[in-house]
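> Here numbering that gives the first Met the number 0 is used: the sequence shown runs in plain steps of one and ends on residue 91.
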Amino acid sequence: MMKDFSDRSLLQEEQVRLEMQIQRLSTPLRLEKPIEQLKWETQETEEMLNSLHETMAGIHMSLHSGSPNGMDDHSNDDEFAEDEPRNHPEKK
């Protein structure tokens, strides 16, 4: 959506906002955590999101499956159990 810049003060405000954004984007980033830890946290987050999506899909299917109370009989709850504890890299 295009902004209306017919008012000169709005144009100046937008110019200042864009200049500040350019300055922020051109400043090198400083990582607060080691890259390996960020990769591990990203993978962990993706796994949790995938699990959440599966759970949400299961709930959606249960709600629309015609089950008496809208829930599964939980006969496959072991599907979501972890086989082994996760390896957590030591924090530095």
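Every residue gets a Cβ at the ideal spot worked out from N, C-alpha and C, and that includes glycine.
#1: Report the rounded CA-to-CA distance for Glu12 versus Leu30, giving the unit in angstroms.
#2: Could you have a look at Lys32 and say whether DSSP puts it in helix, strand or coil?
#3: Could you give the first and the last residue of the continuous alpha helix (DSSP H) run that contains Ser64?
Checking against the coordinates, here is how it stands:
#1: 31 Å
#2: coil
#3: First-last for Ser64: undefined, no H or E at that position.
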